[in-house]
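Just below is one structure, and these are the notes that go with it.
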Amino acid sequence: MTDVFRQWREEYGPLFSFTVGTRKTIVLNELDATTDLLDKRGDIYSSRPRLVVAHEILSGGMRGLSMQYGDKWRKWRKIQHMGLNGRAVLAYCDHQTLESTVVLRDLLQDTGKQETSLQRFVTSVVLGICYGYRVQNLEDPMVRANYVAAIEYQKANLPGRYLVETWPILLWLPRQLQWFRAPLEKARAKDTNTYTTFLRRVKERAHAGYSKDCMATYTMTKGGDQGLSEVEVAYAVSAPFSAGIDTTMSTLRWAIVCALLNPEITKIAQAEIDAVVGRDRLPTFQDEAALPYVAAFIKEVTRFRPVVPLAIPHAATRDDTYRGYVIRKGTVVYGNIDALTQDPTLFPEPHMFSPARFLGKDVDPRLIDFTIPFGFGRRVCPGMHVALKSTFIVIARILWAFDLLPGPDGVLPDADAFTFLGLTRVPAPFRFSVRARHPDAVRVIEEEGAEADVRLKEWQY
Numbered sequence: 485m486t487d488v489f490r491q492w493r494e495e496y497g498p499l500f501s502f503t504v505g506t507r508k509t510i511v512l513n514e515l516d517a518t519t520d521l522l523d524k525r526g527d528i529y530s531s532r533p534r535l536v537v538a539h540e541i542l543s544g545g546m547r548g549l550s551m552q553y554g555d556k557w558r559k560w561r562k563i564q565h566m567g568l569n570g571r572a573v574l575a576y577c578d579h580q581t582l583e584s585t586v587v588l589r590d591l592l593q594d595t596g597k598q599e600t601s602l603q604r605f606v607t608s609v610v611l612g613i614c615y616g617y618r619v620q621n622l623e624d625p626m627v628r629a630n631y632v633a634a635i636e637y638q639k640a641n642l643p644g645r646y647l648v649e650t651w652p653i654l655l656w657l658p659r660q661l662q663w664f665r666a667p668l669e670k671a672r673a674k675d676t677n678t679y680t681t682f683l684r685r686v687k688e689r690a691h692a693g694y695s696k697d698c699m700a701t702y703t704m705t706k707g708g709d710q711g712l713s714e715v716e717v718a719y720a721v722s723a724p725f726s727a728g729i730d731t732t733m734s735t736l737r738w739a740i741v742c743a744l745l746n747p748e749i750t751k752i753a754q755a756e757i758d759a760v761v762g763r764d765r766l767p768t769f770q771d772e773a774a775l776p777y778v779a780a781f782i783k784e785v786t787r788f789r790p791v792v793p794l795a796i797p798h799a800a801t802r803d804d805t806y807r808g809y810v811i812r813k814g815t816v817v818y819g820n821i822d823a824l825t826q827d828p829t830l831f832p833e834p835h836m837f838s839p840a841r842f843l844g845k846d847v848d849p850r851l852i853d854f855t856i857p858f859g860f861g862r863r864v865c866p867g868m869h870v871a872l873k874s875t876f877i878v879i880a881r882i883l884w885a886f887d888l889l890p891g892p893d894g895v896l897p898d899a900d901a902f903t904f905l906g907l908t909r910v911p912a913p914f915r916f917s918v919r920a921r922h923p924d925a926v927r928v929i930e931e932e933g934a935e936a937d938v939r940l941k942e943w944q945y
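Remember, the numbering used here sits 484 above the position in the sequence shown when you count from 1.
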């Protein structure tokens, strides 16, 4: 759909609409319009369109990502805020730091499993946030169970996959004639059992006195469950896994693609890291404020190839008017992240990868806190801070330790080659190699890797 929307934007302008079945959709392709509606008029545009399959049938109305705006969503959001706000994420920094050290050691050993190592890092961090649980390998039953549920939900969200989304009148058929329902309800029962089982495990650990701070433990104190049922809490606690694994993993992969394709820019980032960190230790989160170019590098990655280019659609909860257009209640509204991040009025030469666009005194004030790739208004991604922390610690440490090189075949990745996993844009498969930038890198990685092995044991069930 991104290519179609890009073509329509060129033909019809920054705001256009279309109708499929009985549902009207508006696409916003400029930042001012997106801000005016999705941010400033959040009381109108913070809901979601009705999702019969993904939300109602597959999720029983319990996934906040697709939940319509209202009291139930606010309770779900408060749980997310408790576990993912700026202060809460500090509790996870130690885990992110230790796991990133393991990634460096894996890359140093050049086992040919770079992708697996990065995937394990992201998965372990997210499950640590959800349940205080550390993942040692991707065959872990907890990983497999959560991943199957997340993939099914993402697939169910794909526009046009189910006829009932366009024609919900099909729900009036006798249940036995609703051919799409049975496998979805079977999957929902399995998901519900998975999420409640994991939540109960955390409760057992908490009662035994050895649980880690995580979203599940936050719901056990001071009314953190918001008065929701156990099943509703279990779905809420699982939310970072459903939304955060593939998006963060894709961001890391795009960062490596950009580093490989822009070696001169990569060297600037490495020079900044060397000046701040030196060669006797790895970068830490305490260095983040002193590494503005690395921060700009990461912002530019999220701009250059935003991983959810169409965002998640919003829906109007009442009639509205804007620039002479009448927007009826129930209208679907897309903030087209792909168009916004490629807008030459905001980003001159948008096809160029240039972290410098986020630095200096002349930066557009609207881009200082660059959150466009994470959505808009009251529905902005609640896991944004954690995702950026994970990206920073891995990328800063990889750039400190290694020169990034093409894989054994000598072929560089193609920035224009990608596929979609659900709503997430991922680079086409590619390989890369690493070379230690200095002898101290090998020594430091081995020393800190040994320490990480010891300290990570306390995160294991």
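A virtual CB, placed ideally from N, CA and C, is assigned to each residue, including glycine.
| Item | Value |
| --- | --- |
| Beta-carbon proximity list for Ala774, same chain, < 8 Å, skipping 5 on both sides | Val760 |
| Closest by C-alpha distance to Pro625, when choosing among Glu784, Gly728, Thr503, Tyr679 | Tyr679 |
| Contacts around Leu745, its chain only, beta-carbon distance under 8 Å, and the 5 residues preceding and following it disregarded | Phe837, Leu896, Pro897, Ala899 |
| Buried or exposed by the 16-neighbour rule on C-beta atoms within 10 Å, applied to Ser713 | exposed |
| Distance between Arg547 and Leu655 (C-alpha atoms, nearest Å) | 20 Å |
| C-alpha distance - Glu623 paired with Arg493, whole-angstrom precision | 44 Å |
| Test item: CB-CB of Gln826 and Pro834 under 8 Å | yes |
| Ala912 beta carbon less than 8 Å from that of Ala901 | yes |
| Contact between the stretch 790 to 798 and the stretch 724 to 736 (3+ Cβ pairs under 8 Å) | yes |
| Presumed contact (8 Å Cβ cut-off) between Val537 and Val648, rounded CB distance | 6 Å |
| C-alpha gap between Thr908 and Met868, whole angstroms | 15 Å |
| Inter-stretch contact at 8 Å, needing at least 3 Cβ pairs: the stretch 849 to 859 / the stretch 702 to 710 | no |
| According to DSSP, residues forming a beta bridge with Gly819 | Leu512 |
| Other residues of its chain near Phe482: CB distance less than 8 Å, five sequence neighbours each side excluded | With the chain running from 485 to 945 in the structure shown, residue 482 is simply not present. |
| Spatially closest choice to Gln770 from Gly526, Ser543, Leu574, Leu889, by CA coordinates | Leu574 |
| Residue closest to Leu591, alpha-carbon to alpha-carbon, out of Glu942, His565, Val938, Ala925 | Ala925 |
| DSSP beta-bridge partners of Leu905 | Thr908 |
| Whether Ile811 touches Ile510 by CB criterion (8 Å) | yes |
| Local Cβ density within 10 Å of Leu657, reported as buried at 16 or more and exposed below that | exposed |
| Cβ neighbours of Arg645 in the same chain (closer than 8 Å, five flanking residues each side left out) | Val537, Lys639 |
| Presumed contact (8 Å Cβ cut-off) between Ser722 and Cys865, rounded CB distance | Not confirmed; about 16 Å, so no contact. |
| Three-way DSSP call (helix, strand, coil) for Asp555 in this model | helix |
| Cβ-Cβ distance between Leu602 and Ala753 below 8 Å | no |
| Alpha helix (DSSP H) runs contained entirely in the stretch 817 to 858, provided each spans 4 or more residues | 821 to 825 |
| For Thr503, the nearest candidate out of Lys873, Thr650, Pro767 (CA to CA) | Thr650 |
| Inter-residue spacing [alpha-carbon to alpha-carbon] between Arg534 and Arg737 | 32 Å |
| Which listed residue (Gln491, Arg841, Phe860, Tyr694) has its alpha carbon closest to that of Lys972 | Since the first residue of the chain shown is 485 and the last is 945, residue 972 is not available in this structure. |
| Beta-bridge partners of Asp804, as assigned by DSSP | Ile811 |
| Alpha-carbon spacing of Val778 relative to Ile757, whole angstroms | 8 Å |
| Residue from Ala795, Pro797, Val817 with nearest C-alpha to Asp804 | Val817 |
| Strand pairing of Val504, partner residues [DSSP] | Arg507 |
| Nearest residue (CA-CA) to Thr815, options Thr506, Phe489, Arg490 | Thr506 |
| Spatially closest choice to Ser726 from Val606, Arg685, Leu830, by CA coordinates | Val606 |
| Spatial neighbours of Glu583 in its chain, beta-carbon cut-off 7 Å, leaving aside the 5 residues before and after | Phe605, Ser608, Val609 |
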